[in-house]
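Chains as they are written, first to last, in my numbering: chain F, 1 to 317; chain X, 1 to 669. For each residue, glycine too, the CB sits at the ideal point set by N, CA and C. Just so we're clear, the structure is a prediction, and the values are computed from it rather than from any experiment.
In structure tokens form, the structure reads like this:
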């Protein structure tokens, strides 16, 4: 662990904090364009956060300390996730703290806290949201783990940094299993980030909400933290997907030139990814909650196919 | 001058427990003496037992012979590293539970406190002897002692018919299991007449008989552990027992069955066959999935936890299967990894499940209510219990940074290596089984959110809950002890792995400790840090720093203003506590998605109902598919036998005469 490595680690975290709302803003903008609407400014999420931090917190009478505590924990979890996913360089001092399996655990911890917080006030929509969130969670987690298993078997490691190093800098090998895993991962990230077709981030129609239903009672700085954490989660999932399936450009050491290249590659990749996300959200409709198992079941099937392809075809080579 | 060996200390501990139990009989109605003197003393003895095995771990086996059995048939006792790990578990879990029990039992409820004290301490001593026994005779005596004392503890409130029924079921299945274990020992002694474990180790059974013995052990110990399909007693008996007893049974007693299974599989039977691993894994996966699905749909908080225990035992059996597979194919390092996951999960589960059961005990005391549909909002009235239960819930959901995650992480790491198995189809099927483990872990999260959210969060569903009081001092101390254990098991995995490594080494000849020691005490990297690593303390530090810094920065840069108002809830005016999810409502998605797994009876209200109501009853398929046919079969057989007994002596004489003739014909020289 070097001093410069540590510096770049903090830089990566700061970059995540700064870029995450921008990514959300970019996706919203693209979506508005595709849907023939006037687009909000690119920096709208920052204005939102600024406004929310300024506002007073309006706390329901029945709120317990857990309700106040949860946004900070969720935010901390997402920050940790962003710290261990290699965005710029694979030389991350914090990366040994958690491998991909632990990363799933970090997201799980955040989910547990937000679902508990949703149940804390005791409103009907809160519990509905909490229940649905846990439902999506347990459907998505096995698929996500199978994706991780596929990539871990290719690189013989579950450490994110090693996986990326193997995939990006190893000999060029075409892994058909990665195609299946990539499709499965895309499905899972749509579900986990509360996007269409599983959830709609723009909805406020009560009965269809999942994520929004859970955070109905939040306001002020707590809501700001949760919104920021949601943006960080989207950023983390995007970066994880990019790192696993399109790892080109991520630096191995911490030379300034390599990192500058990595930053520009990252921004370009995120821009394309965000536009694609908006496109997929536009051409799909939100499905009923009980179609979500089918959607995520498909994701699981793809992930298992990827794993079997890996075991059947590739391991003998 | 003679030094006390650890095994002597443990024997003294067992003796002291027995003495404490008997001392309770001296003044069976003196409540203060029993709860404030005897139970804390029992806890002190438990800590002593735990510390003894802690200091013992890593040294060679010690034996002792206790001349208390029949003439010429003494108890052989032996303390080795495998036993020591489980004694450690017993001691530390029992310490917390005993302290809690000191504050739990109330005056004038159920059986006389002296009797409870006797049964409870007898139970503890019997479990310790099970772990120390070194011959089949001592083992079976202790095993039966354990079953009987726990039966009496379960039926403490024997005035309720359902509790008597639960106790009967428990006793029945415990004895079916005991018969299987007895037969297993018989096979392992293989006619030599030598029933000491040393004698069994010396035998080498042909594969057929070894497999028969192993399957009997799986059935016998599985009946105690709650493996499918002999799990039915568990969700009945755990809720029936007083909470400290449920905690003891779920946290500790189930693990003695795991201990027995390990002892037979790896120690007494010699070389395991590969397909045992497949069987154990299949049974384990089925058990885990079954347990967790049923735990999500329960509406009684103790039943929910009981099914969750079934799930955890299933996960332990999966780890056992993986260990057996790796061991049979001589992949020593990987077998050690899976075995470490197994032992770790035993310890973790003992901590967090005891904690959660004790929390339900406190809730039960404060509210007299076990049904989730009548609880809610208790975090406002019982902050201690609620916050400590949160630790148990996070560990129970298998989330970092607490104890449940470490073992699941190790188990998944083990699965990741299973493609290396030199077997044509196992190396494909086993990795996919990891997905089931992931599904189980995620569903456990659902069950835990349901448990915690409905009991402690939200609004109080009944008026009476306003009078709920927090746990008393003794109860609190017991809860804190177990929560601290859960925390330590979560954040210090390398230290714990080094401790339990002695047992892994003893059973498999290989351990993880050397690998783990290479990379600092804070980093868990069972193979190498490039392959996989997990550092819970860094993990915790980053999140804690983010929480504290985030709070400070937000308050400094903006403000910390806060206003209270009624809940918004999208502007709906009619918000009663009834608008919250009930236990049934919360698990509705699970019932719908996994419908074929449940046997459901539902009543839907119609418009014309005078008093419309909705009810759903979820039952176990195994009752109808397995137990009721078996019961009918047994009933039919006994009816046939009744016919033989006409009650007339002439007929009976005829039977004797016919038997004599048949015997003469058969035994003709």
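According to the Cβ coordinates, are residue i and residue j closer than 7 Å?
| i | j | result |
| --- | --- | --- |
| residue 30 of chain F | residue 275 of chain F | yes |
| residue 521 of chain X | residue 504 of chain X | no |
| residue 377 of chain X | residue 448 of chain X | no |
| residue 411 of chain X | residue 350 of chain X | no |
| residue 93 of chain X | residue 78 of chain X | no |
| residue 439 of chain X | residue 142 of chain F | yes |
| residue 316 of chain X | residue 258 of chain X | yes |
| residue 682 of chain X | residue 583 of chain X | Because chain X here runs from 1 to 669, residue 682 of chain X falls outside it and cannot be looked at. |
| residue 45 of chain F | residue 71 of chain F | no |
| residue 501 of chain X | residue 512 of chain X | yes |
| residue 133 of chain X | residue 139 of chain X | yes |
| residue 121 of chain X | residue 251 of chain X | no |
| residue 237 of chain X | residue 413 of chain X | no |
| residue 605 of chain X | residue 612 of chain X | yes |
| residue 194 of chain F | residue 222 of chain F | no |
| residue 158 of chain X | residue 165 of chain X | no |
Measure from the alpha carbon of residue i to the alpha carbon of each residue in the options, then state which is nearest.
| i | options | result |
| --- | --- | --- |
| residue 487 of chain X | X:392, X:523, X:559 | X:392 |
| residue 12 of chain X | X:378, X:491, X:128, X:281 | X:128 |
| residue 579 of chain X | F:46, F:114, F:73, F:119 | F:119 |
| residue 617 of chain X | X:587, X:90, X:434 | X:587 |
| residue 311 of chain X | X:611, X:404, X:201, X:95 | X:404 |
| residue 137 of chain X | X:394, X:161, X:629, X:194 | X:194 |
| residue 558 of chain X | F:112, F:220, F:208, F:12 | F:220 |
| residue 534 of chain X | F:33, F:39, F:93 | F:93 |
| residue 387 of chain X | X:429, X:437, X:452 | X:452 |
| residue 34 of chain X | X:56, X:96, X:104, X:46 | X:104 |
| residue 288 of chain F | F:123, F:311, F:132, F:246 | F:132 |
| residue 65 of chain X | X:197, X:265, X:188, X:362 | X:197 |
| residue 313 of chain X | X:216, X:437, X:419 | X:437 |
| residue 100 of chain X | X:231, X:42, X:575, X:118 | X:42 |
| residue 322 of chain X | X:433, X:615, X:464 | X:433 |
| residue 491 of chain X | X:468, X:116, X:540 | X:540 |
Under 8 Å between beta-carbons, which chain F residues line up against residue i? List them in chain order, please.
| i | result |
| --- | --- |
| residue 282 of chain X | Within chain F, no residue comes near residue 282 of chain X; the closest Cβ sits about 18 Å away, beyond 8 Å. |
| residue 443 of chain X | 138 |
So which residues of chain X does residue i contact, with C-beta pairs closer than 8 Å?
| i | result |
| --- | --- |
| residue 82 of chain F | Those do not exist, as residue 82 of chain F stays about 10 Å from chain X at its closest Cβ, beyond 8 Å. |
| residue 141 of chain F | 438, 439, 441, 442 |
Mind listing the chain X neighbours of residue i? Cutoff is C-beta to C-beta under 7 Å, in chain order.
| i | result |
| --- | --- |
| residue 72 of chain F | 547, 550, 551 |
| residue 58 of chain F | 563, 565 |
| residue 77 of chain F | 543 |
| residue 134 of chain F | 445, 446, 449 |
| residue 152 of chain F | 416 |
Flag residue i as yes if its beta-carbon sits less than 7 Å from any beta-carbon of chain B, otherwise no.
| i | result |
| --- | --- |
| residue 424 of chain X | No chain B is part of this structure, whose protein chains are labelled F and X. |
Would you mind telling me which residues of chain F sit closer than 7 Å to residue i, beta carbon to beta carbon, in chain order?
| i | result |
| --- | --- |
| residue 409 of chain X | 101, 102 |
| residue 405 of chain X | 105 |
| residue 611 of chain X | Here the premise fails: no neighbours, minimum Cβ distance about 22 Å. |
Listing by chain order, which chain X residues have their CB less than 9 Å from the CB of residue i?
| i | result |
| --- | --- |
| residue 129 of chain F | Within chain X, no residue comes near residue 129 of chain F; the closest Cβ sits about 10 Å away, beyond 9 Å. |
| residue 96 of chain F | 519, 523, 525, 529, 533, 534, 535, 538 |
Inset, instruction - Please determine if the stretch 10-29 of chain X and the stretch 111-118 of chain X are in contact, where contact requires at least 3 C-beta pairs separated by less than 8 Å. - result: yes
Legend entry - Members of the stretch 508-539 of chain X near chain F, C-beta cut-off 7 Å: 523, 529, 530, 531, 532, 533, 534, 535, 538, 539
Legend entry - the stretch 552-572 of chain X contacting the stretch 97-105 of chain F, beta-carbon criterion three pairs below 8 Å: no
Inset, instruction - Examine the Cβ distances between the stretch 76-88 of chain F and the stretch 146-153 of chain F and report whether three or more of them are shorter than 8 Å. - result: no
Legend entry - Interfacial residues, the stretch 578-608 of chain X to chain F, with Cβ spacing under 7 Å: 579, 580, 581, 586, 589, 592, 593
Legend entry - At least 3 beta-carbon pairs within less than 8 Å: the stretch 157-168 of chain F vs the stretch 200-216 of chain F: no
Legend entry - Members of the stretch 31-57 of chain F near chain X, C-beta cut-off 7 Å: 53, 54, 56, 57
Inset, instruction - Tell me, please, whether the stretch 296-309 of chain X touches the stretch 213-221 of chain X by the rule of three or more beta-carbon pairs shorter than 8 Å. - result: no
Inset, instruction - Evaluate contact between the stretch 464-477 of chain X and the stretch 122-140 of chain F, counting only Cβ atoms and requiring at least three cross-stretch pairs below 8 Å. - result: no
Legend entry - Contact between the stretch 329-344 of chain X and the stretch 62-72 of chain X (3+ Cβ pairs under 8 Å): no
Legend entry - Interfacial residues, the stretch 112-127 of chain F to chain X, with Cβ spacing under 7 Å: 112, 115, 116, 119, 120, 121, 122, 123, 124, 125, 127
Legend entry - Three-pair Cβ contact test at 8 Å for the stretch 170-178 of chain X versus the stretch 203-217 of chain X: no
Inset, instruction - Indicate whether the contact test is met: 3 or more Cβ pairs, each with one atom in the stretch 174-190 of chain F and one in the stretch 297-313 of chain F, closer than 8 Å. - result: yes
Legend entry - chain X contacts from the stretch 158-192 of chain F (Cβ-Cβ distance under 7 Å): 158, 159, 162
Inset, instruction - Using a Cβ-Cβ cut-off of less than 9 Å, give me the residues of the stretch 367-398 of chain X that come near chain F, in sequence order. - result: 376, 377, 379, 380, 383, 386, 387, 390, 393, 394, 397, 398
Inset, instruction - Determine contact between the stretch 32-48 of chain F and the stretch 59-67 of chain F, defined as no fewer than three beta-carbon pairs at a distance below 8 Å. - result: no
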